Amino acid sequence: MSKKWVYLFEEFKQAEQYALSIQSDVRGLLGGKGANLAEMAQINVPVPPGFTITTEACNVYLNSNKIFPETLWEQVRQTLRFVEAASGKNFGDPKNPLLLSCRSGAKFSMPGMMDTVLNIGLNDQTVQEMIALSGDERFVFDAYRRLIQMFGNVVTGIPDEVFEEKITEAREKAGVETDAQLTAEHWKSLSDEFKIIFKHHTHQAFPMDPYTQLEMAVEAVFKSWNGKRAVDYRNAAGISHNLGTAVTVMTMVFGNMGDDSATGVAMTRNSSTGENCIEGDYLTNAQGEDVVAGIRLTKDISKLKTEMPETYTQFQNIAQRMENHYREMQDIEFTIEKDKLWILQTRDGKRTAQAAVRIAVEMVQQGLISTEEAVMRITPEQVDFFLHPQFDLDAKAAAKTKGEFLAYGLNVSPGSACGMVAFDADLAEAWFTEEGKDVIMVRPETKPDDVHGMLAAKGILTSRGGRTSHAALVARQFGKPAVVGVSALDIDMNKRQMSIKEEIIKEGDWISIDGTFGEVYAGKLKTTVPNIKDPWLMKLLDWADGFRRLGIWTNADYPSDAKRARSYGAEGIGLCRTEHMFFEAKRLPYLHKMIMADLPVERQEALDALLPFQREDFAGLFREMDGLPVITRLIDPPLHEFLPSHEDLVNELTDLKIRLRNADTLEAVDSLLTKIKNKHRILKQVEKLRESNPMLGMRGVRLGIQIPELTIMQVRAIFEAACMVAKEGIDVHPEIMIPLTSHVNELKVQREMLEKEARKVMEEQHIEIDYKFGTMIEIPRAALTADQLAEYAEFFSFGTNDLTQTTFGVSRDDAESSFLMKYLSSKILTKNPFATIDRDGVGELMDIAVRKGRKVRPDLECGICGEHGGDPESIRICHQLGLTYVSCSPFRVPVARLAAAHAALLDRKTN
Numbered sequence: 016m017s018k019k020w021v022y023l024f025e026e027f028k029q030a031e032q033y034a035l036s037i038q039s040d041v042r043g044l045l046g047g048k049g050a051n052l053a054e055m056a057q058i059n060v061p062v063p064p065g066f067t068i069t070t071e072a073c074n075v076y077l078n079s080n081k082i083f084p085e086t087l088w089e090q091v092r093q094t095l096r097f098v099e100a101a102s103g104k105n106f107g108d109p110k111n112p113l114l115l116s117c118r119s120g121a122k123f124s125m126p127g128m129m130d131t132v133l134n135i136g137l138n139d140q141t142v143q144e145m146i147a148l149s150g151d152e153r154f155v156f157d158a159y160r161r162l163i164q165m166f167g168n169v170v171t172g173i174p175d176e177v178f179e180e181k182i183t184e185a186r187e188k189a190g191v192e193t194d195a196q197l198t199a200e201h202w203k204s205l206s207d208e209f210k211i212i213f214k215h216h217t218h219q220a221f222p223m224d225p226y227t228q229l230e231m232a233v234e235a236v237f238k239s240w241n242g243k244r245a246v247d248y249r250n251a252a253g254i255s256h257n258l259g260t261a262v263t264v265m266t267m268v269f270g271n272m273g274d275d276s277a278t279g280v281a282m283t284r285n286s287s288t289g290e291n292c293i294e295g296d297y298l299t300n301a302q303g304e305d306v307v308a309g310i311r312l313t314k315d316i317s318k319l320k321t322e323m324p325e326t327y328t329q330f331q332n333i334a335q336r337m338e339n340h341y342r343e344m345q346d347i348e349f350t351i352e353k354d355k356l357w358i359l360q361t362r363d364g365k366r367t368a369q370a371a372v373r374i375a376v377e378m379v380q381q382g383l384i385s386t387e388e389a390v391m392r393i394t395p396e397q398v399d400f401f402l403h404p405q406f407d408l409d410a411k412a413a414a415k416t417k418g419e420f421l422a423y424g425l426n427v428s429p430g431s432a433c434g435m436v437a438f439d440a441d442l443a444e445a446w447f448t449e450e451g452k453d454v455i456m457v458r459p460e461t462k463p464d465d466v467h468g469m470l471a472a473k474g475i476l477t478s479r480g481g482r483t484s485h486a487a488l489v490a491r492q493f494g495k496p497a498v499v500g501v502s503a504l505d506i507d508m509n510k511r512q513m514s515i516k517e518e519i520i521k522e523g524d525w526i527s528i529d530g531t532f533g534e535v536y537a538g539k540l541k542t543t544v545p546n547i548k549d550p551w552l553m554k555l556l557d558w559a560d561g562f563r564r565l566g567i568w569t570n571a572d573y574p575s576d577a578k579r580a581r582s583y584g585a586e587g588i589g590l591c592r593t594e595h596m597f598f599e600a601k602r603l604p605y606l607h608k609m610i611m612a613d614l615p616v617e618r619q620e621a622l623d624a625l626l627p628f629q630r631e632d633f634a635g636l637f638r639e640m641d642g643l644p645v646i647t648r649l650i651d652p653p654l655h656e657f658l659p660s661h662e663d664l665v666n667e668l669t670d671l672k673i674r675l676r677n678a679d680t681l682e683a684v685d686s687l688l689t690k691i692k693n694k695h696r697i698l699k700q701v702e703k704l705r706e707s708n709p710m711l712g713m714r715g716v717r718l719g720i721q722i723p724e725l726t727i728m729q730v731r732a733i734f735e736a737a738c739m740v741a742k743e744g745i746d747v748h749p750e751i752m753i754p755l756t757s758h759v760n761e762l763k764v765q766r767e768m769l770e771k772e773a774r775k776v777m778e779e780q781h782i783e784i785d786y787k788f789g790t791m792i793e794i795p796r797a798a799l800t801a802d803q804l805a806e807y808a809e810f811f812s813f814g815t816n817d818l819t820q821t822t823f824g825v826s827r828d829d830a831e832s833s834f835l836m837k838y839l840s841s842k843i844l845t846k847n848p849f850a851t852i853d854r855d856g857v858g859e860l861m862d863i864a865v866r867k868g869r870k871v872r873p874d875l876e877c878g879i880c881g882e883h884g885g886d887p888e889s890i891r892i893c894h895q896l897g898l899t900y901v902s903c904s905p906f907r908v909p910v911a912r913l914a915a916a917h918a919a920l921l922d923r924k925t926n
């Protein structure tokens with residue numbers, strides 16, 4: 016039996032007989048569009064007759080020097096017989112012609128990224144018969160010119176602008192504003208002109224044979240899988256490049272047959288907010304590409320209720336039935352031909368992060384999906400979007416007062432963005448990738464070829480288009496703020512400028528767009544951190560908390576950070592970096608004095624001055640984290656980091672000596688000599704502290720052993736603060752982390768000394784505090800000897816940034832500025848180990864440490880801190896390793912809560 020390449024929509028049940036995986040691979044074989052059309056046919060949704068050519072056929076074609084699979088066209092012709100019977104028309108028959116559309120349809124939705132050809136089967140003969148059958152010459156020649164235009168652009172690569180220029184000329188000569196006002200004679204004339212353009216560019220006449228048209232269209236769709244815009248989209252969306260695209264071939268139905276015909280695109284829910292109401296655009300007397308291309312001003316779907324009430328009610332019912340069937344918000348393409356409603360396509364609708372969360376929560380409340388499904392439907396990236404900056408309200412008000420508010424448009428993708436205006440995709444991409452500029456891409460309307468610029472841009476602004484336009488769909492897909500359909504915006508591509516009212520904005524000027532409210536401003540507006548207390552997000556994260564096993568802690572050095580993190584759901588502080596506290600202006604001089612001290616008494620004086628500052632810092636953290644653990648890492652960096660750099664000091668001394676030479680008063684000479692003496696003293700100390708490799712030098716536990724007064728002061732400050740706030744009624748749980756341990760004796764010596772000070776403070780304060788001592792695992796030796804360390808540590812915190820550096824034997828800064836990017840691009844490394852934990856190396860060391868440590872101390876608390884703690888893939892690794900918690904920045908806490916739930920649920924499925 017020969018390979019089956021073609022399936023009728025009605026063959027869905029029969030398809031299972033051809034070794035299709037009933038559960039999963041229908042979509043992989045027929046593409047999302049083909050699978051949905053087949054499924055709709057099974058539930059009696061009005062779908063025009065048609066068939067799907069499989070993704071397997073596409074892959075065979077692409078991998079066989081662009082040769083179609085054997086028997087493919089024989090199967091297409093046989094299948095067409097069934098379509099002809101169902102439609103009552105015959106393909107290629109001049110007397111009763113069947114017209115077809117040819118569309119791409121990959122497993123995962125890629126709106127606008129691949130190619131479509133409509134009205135296949137029209138030629139000089141069938142045009143005349145179509146006129147006789149329909150009695151509408153204008154409709155037929157409009158359809159014919161569309162075929163030539165789309166075929167010319169999609170199949171043979173003729174620039175679309177060549178055709179559009181001719182249409183614009185025709186409108187100007189006729190003195191009309193829209194395409195809908197052009198007459199049958201205009202379209203007939205344009206059809207002839209388009210055939211001339213086709214021959215001029217291809218050196219061949221436009222093909223009149225319907226089967227040749229169909230074959231060339233199918234081939235073009237197959238080729239479009241490897242087109243630049245499709246490849247760029249897949250790279251951005253993380254879609255595999257080896258899936259291929261299916262081709263759906265469908266009987267044409269026409270929305271441009273008069274005022275009782277229409278075409279449109281609608282979502283079953285609001286794609287920006289998630290509100291449970293139909294949202295979309297449509298046009299009367301038009302074809303589908305007019306809606307999505309943004310060429311004509313569309314009408315809101317709500318107006319269809321008045322214009323065609325019975326059809327709207329039917330559409331409402333079908334939309335509800337389809338959403339209930341798929342248990343997901345649907346993006347539906349429809350055509351109304353002579354009051355008859357046809358559904359051309361459905362797919363899961365693209366939506367904003369806010370909408371995705373609300374829809375998932377409300378579908379649980381409606382009984383459509385489970386809480387587990389809701390949690391799994393939302394990605395960590397979507398939660399992260401809630402934390403994107405928004406424009407400061409005062410800044411917006413001030414901009415409006417100053418006349419910097421320019422215009423309103425459609426708020427199709429929320430968020431705020433500032434950037435330099437770029438009028439084409441190539442420039443937007445170049446400015447971003449080569450010069451690191453923030454860009455707002457501004458276009459009359461975007462097309463699939465613009466996707467690389469859209470991905471590079473901070474935001475998107477168009478003068479045309481609606482809520483289902485290409486710009487809106489792509490912006491929502493990739494979380495780009497977008498405002499479309501700004502009719503007041505006049506773009507002059509020749510002058511590379513745009514005007515709104517009297518304001519002229521040139522390419523390279525700064526503008527600000529607010530995709531949440533559909534606003535456009537001149538210049539750069541101040542942004543503010545948003546409040547993530549979205550009720551639907553809070554509900555979803557509450558559900559997520561019920562599934563996860565990992566604790567979610569935070570990295571916080573200041574009470575304000577702790578307060579924010581706790582409001583986001585943090586369950587403790589996994590890393591408080593005490594060195595950050597020293598950099599504040601009032602404290603740094605005392606630290607300098609401590610570092611520069613020649614005598615122990617001078618050093619102690621400086622530390623005594625620092626202690627109250629540290630104590631107050633810790634007291635603030637304990638108050639904010641009432642009842643939750645707070646891990647404080649004792650000073651970690653080498654001391655020279657708190658002093659001016661050697662290079663800066665040498666340059667400053669050189670400058671002072673030049674000024675001394677030119678000094679013209681004794682007072683100036685004395686002042687300069689004093690400064691030179693002080694600089695020499697600092698330089699001498701910097702040179703004394705200078706190390707060849709400071710990352711592996713005098714830092715962490717080594718510094719605490721070398722200068723015990725420093726870490727003793729810190730522990731005293733921590734415990735004095737803990738005792739003080741405990742007396743206020745606060746429930747405190749300090750945990751002291753000793754960093755960079757590599758040998759058990761380092762930890763033993765440091766812990767014994769510091770715990771002695773902690774006990775001393777508690778005795779002085781007449782109060783007992785619940786506390787722990789632990790260590791940071793940053794050195795491979797520490798991981799390998801974790802059983803020894805566990806004798807003196809009640810917790811391990813993996814410093815995965817340094818552990819990655821010491822495991823790979825690289826410096827992060829040097830690696831990322833030199834060879835690491837090449838390693839990633841050439842696939843020597845598949846992932847950046849500083850972004851995602853290296854499971855086979857660093858992860859294996861962590862596994863060894865956890866297992867060895869818990870053999871000695873079964874209740875050993877294990878966690879990670881640093882950037883990996885907020886990375887979803889790393890969080891899953893931490894879950895698999897059995898860690899107690901992950902600690903991340905306050906703004907990553909909501910993301911980590913969801914990622915930890917995903918890890919637990921995925922683990923449940925695999926087990």
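Numbers given in my numbering equal positions in the sequence shown, counted from 1, plus 15.
Just so you know, even glycine gets a beta-carbon here, dropped at the ideal spot from N, CA and C.
Note that this is a predicted model, so its numbers are computed, not measured.
Residue pairing by DSSP places N570 opposite L590 in a beta bridge. A contact between stretches requires three or more CB pairs, one per stretch, nearer than 8 Å, and the segment 550–564 fails this requirement with the segment 445–458. If you compare the alpha carbons of Q219, E735, K203 and E184 with that of T171, the shortest gap goes to Q219.
Collapsing the DSSP output to three states places N426 in a strand.
If you draw a straight line from the Cα of P395 to the Cα of L913, it is about 6 Å long. Within 10 angstroms of the beta-carbon of T328 lie fewer than 16 other beta-carbons, which makes it exposed. C-alpha of K846 to C-alpha of T461: approximately 32 Å in a straight line. When the five nearest sequence neighbours on each side are left out, the beta carbons in the same chain lying within less than 6 Å of the beta carbon of V75 are those of P84, in order along the chain. Under the three-state reduction of DSSP, V535 is assigned to strand. For R362, the enclosing beta strand (DSSP E) covers residues K355 to D363. For the pair V466 and I506, the CB atoms are not nearer than the 8 Å cut-off. Going by DSSP, I182 is part of no beta strand (DSSP E) but of the alpha helix (DSSP H) stretching over D175 to A189. From the listed residues T569, D108 and E294, the smallest Cα separation to L636 is found for T569. Between T821 and E859, the beta carbon gap of about 14 Å keeps them out of contact (Cβ cut-off 8 Å).
Under the three-state reduction of DSSP output, K608 falls in the helix class.
When rounded, the separation of the alpha-carbon atoms in K210 and L23 is 33 Å.
Annotated as distal: G480 and S902, with beta-carbon spacing of 8 Å or more.
The three-state secondary structure of F106, taken from DSSP, is coil. From the listed residues S287, N111 and K238, the smallest Cα separation to N78 is found for K238.
The segment 336–346 and the segment 264–284 touch, with no fewer than 3 CB-CB distances between them shorter than 8 Å. Taking 4 residues as the minimum length, the alpha helix (DSSP H) runs contained wholly in the segment 800–873 are 801–804, 815–823, 827–832, 835–840 and 857–871, in order along the chain. In terms of Cβ geometry, Y536 and L421 form a close pair [threshold 8 Å].
Residue environment for F406: buried (at least 16 other C-beta atoms within 10 angstroms of its C-beta). Each residue's CA atom was taken as its position, placing E594 and T361 some 56 Å apart.
Judged by DSSP in its simplified three-state form, G474 adopts strand. Judged by beta-carbon spacing, M231 lies beyond the 8 Å limit of N138, meaning their Cβ atoms are not closer than that value. Here D409 is exposed: its Cβ has fewer than 16 other Cβ atoms, across all protein chains shown, within 10 Å. DSSP places G434 in the strand class (E or B) of the three-state scheme. The three-state reading of DSSP puts P754 in coil, since its state is none of H, G, I, E or B. Counted as a single uninterrupted DSSP element, the alpha helix (DSSP H) harbouring G635 occupies residues P615 to E639. Taking a cut-off of 8 Å for Cβ pairs, the segment 486–494 and the segment 314–321 do not touch, as fewer than three such pairs fall below it. Counting only runs that start and end inside the segment 656–681, the alpha helix (DSSP H) elements of at least 4 residues fall at 661–676. Beta-bridge annotation (DSSP): Q345 is paired with D363. Sequence-distant partners of A634 (beyond 5 residues in either direction) whose C-beta falls short of 7 Å from its own C-beta, in its chain, are A736, M739 and V740.
Within the same chain, and ignoring the five residues on either side of M145 in sequence, the residues whose Cβ sits closer than 6 Å to its Cβ are V155. Distance from the CA atom of F221 to the CA atom of V262, rounded to whole angstroms, is 22 Å.
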